[in-house]
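Engineer: I have a structure here, written as structure tokens, and I will follow up with some questions on it.
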Amino acid sequence: MTDVVPEVEEFGHDVPMDPTMEPEDSEHSEELDMSEVPDSEGHADDNGETEEAAARFNQNTDPHPSSPKYAEASSTNPSASTTVTSTFDWDAYLREQNAEAAPPECFFQPNTPPENKFQIGTKLMIADPRGPTGSSAMFCLGTVVNVYKLWLCVRLEGLDNSHEKWIFCDDDSIQPIG
Numbered sequence: 315m316t317d318v319v320p321e322v323e324e325f326g327h328d329v330p331m332d333p334t335m336e337p338e339d340s341e342h343s344e345e346l347d348m349s350e351v352p353d354s355e356g357h358a359d360d361n362g363e364t365e366e367a368a369a370r371f372n373q374n375t376d377p378h379p380s381s382p383k384y385a386e387a388s389s390t391n392p393s394a395s396t397t398v399t400s401t402f403d404w405d406a407y408l409r410e411q412n413a414e415a416a417p418p419e420c421f422f423q424p425n426t427p428p429e430n431k432f433q434i435g436t437k438l439m440i441a442d443p444r445g446p447t448g449s450s451a452m453f454c455l456g457t458v459v460n461v462y463k464l465w466l467c468v469r470l471e472g473l474d475n476s477h478e479k480w481i482f483c484d485d486d487s488i489q490p491i492g
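Below, the structure is given as structure tokens:
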């Protein structure tokens with residue numbers, strides 16, 4: 315079997331895209347032209363109402379409010395503080411909650427991405443996406459029907475293409491047969 319890696323154009327919009335797959339300035343990235351925002355009927359807004367509405371909105375907003383909106387209603391307690399801080403102190407929060415932060419070792423991610431050695435037509439066991447997950451998952455026979463970089467598309471054996479699932483090649487929901 316040969317390793318076939320299709321080009322991006324061959325996939326529809328239903329293919330999950332990893333942000334590391336394509337740089338933002340690639341030929342495949344799209345830019346939204348804000349001057350032609352469609353209205354509810356799908357027509358481009360060419361009379362400038364969007365810009366006027368944005369200007370009116372910006373005139374009525376205070377970008378740096380001095381206190382939260384609810385501070386006036388809850389200010390019956392004279393000792394209540396209305397000072398808004400811009401940073402959050404995680405250490406203080408954890409002490410306050412008597413909680414412990416998960417250590418960095420819990421969030422292991424290798425420095426190098428996995429190598430995708432799957433080929434189209436390869437058989438494997440996959441957790442049935444129609445059923446429960448985790449330790450009670452049922453595993454079914456599946457076939458790799460497409461491969462793209464670190465992604466592989468697996469179809470449950472004997473079913474149509476509506477039962478395909480795109481997953482990473484190192485996903486724990488796939489296992490070798492046996």
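With our numbering applied, the sequence shown has no gaps in its numbers, which climb one by one up to 492 at the end. Backbone N, C-alpha and C fix where the C-beta goes; we use that ideal spot for every residue, glycine too. Small disclaimer: the values here were computed from a predicted structure and weren't measured.
Suppose you measure from the CA of residue 342 to the CA of residue 479; what does that come to, to the nearest Å?
Structural biologist: As a position in the sequence shown, residue 342 is number 28, starting the count at 1. As a position in the sequence shown, residue 479 is number 165, starting the count at 1. Here residue 342 scores only 46 on pLDDT, less than 50, and its place in the model should not be relied on; the value that follows carries that caveat. Going by the C-alpha atoms only, they are around 23 Å apart.
Engineer: What does the Cβ neighbour count give for residue 404, buried or exposed, with the cut at 16 atoms within 10 Å?
Structural biologist: By 1-based counting over the sequence shown, the position of residue 404 is 90. Its Cβ having fewer than 16 others within 10 Å, residue 404 is exposed.
Engineer: Whether or not the segment 413–432 and the segment 464–472 are in contact is what I'm after, with contact meaning three or more pairs of Cβ atoms, one per stretch, closer than 8 Å; do they touch?
Structural biologist: With the cut-off at 8 Å, the segment 464–472 and the segment 413–432 touch.
Engineer: Closest to residue 477 by C-alpha separation, out of 410, 417 and 455, would be which residue?
Structural biologist: Here residue 477 is taken as the residue at index 163 of the sequence shown, counted from 1. Checking every option, the nearest Cα to that of residue 477 belongs to 455.
Engineer: Can you check which of these residues, 410, 481 and 407, is closest to residue 495 by C-alpha distance?
Structural biologist: Residue 495 lies beyond the range of the chain shown here (315 to 492); nothing can be said about it.
Engineer: Go ahead and pull the three-state DSSP assignment for residue 411.
Structural biologist: Translated into the one-based positions of the sequence shown, residue 411 becomes position 97. Helix, per DSSP.
Engineer: Please tell me whether residue 437 and residue 491 are closer than 8 Å, where the distance is taken between their beta carbons.
Structural biologist: For the purposes of this step, residue 437 is identified with residue 123 of the sequence shown, where counting begins at 1. For the purposes of this step, residue 491 is identified with residue 177 of the sequence shown, where counting begins at 1. In this structure, residue 491 lies closer than 8 Å to residue 437 by Cβ.
Engineer: Please report how far the alpha carbon of residue 473 lies from the alpha carbon of residue 457, in whole angstroms.
Structural biologist: Translated into positions along the sequence shown, residue 473 becomes position 159. Translated into positions along the sequence shown, residue 457 becomes position 143. About 10 Å.
Engineer: Which same chain residues, not among the five before or five after residue 447, have their C-beta less than 7 Å away from its C-beta?
Structural biologist: Mapped onto the sequence shown, residue 447 falls at position 133. Cβ neighbours of residue 447 beyond the five flanking positions: 441.
Engineer: Identify whether residue 430 lies in helix, strand or coil by the three-state DSSP scheme.
Structural biologist: Counted from its first residue, the sequence shown places residue 430 at position 116. DSSP places residue 430 in coil when its eight states are reduced to three.
Engineer: For the putative contact between residue 445 and residue 452, defined by C-beta atoms under 8 Å, what is the C-beta separation to the nearest angstrom?
Structural biologist: As a first step, residue 445 must be located in the sequence shown, where it is residue number 131. As a first step, residue 452 must be located in the sequence shown, where it is residue number 138. Going by Cβ atoms, the distance from residue 445 to residue 452 rounds to 5 Å, so yes, they are a contact pair.
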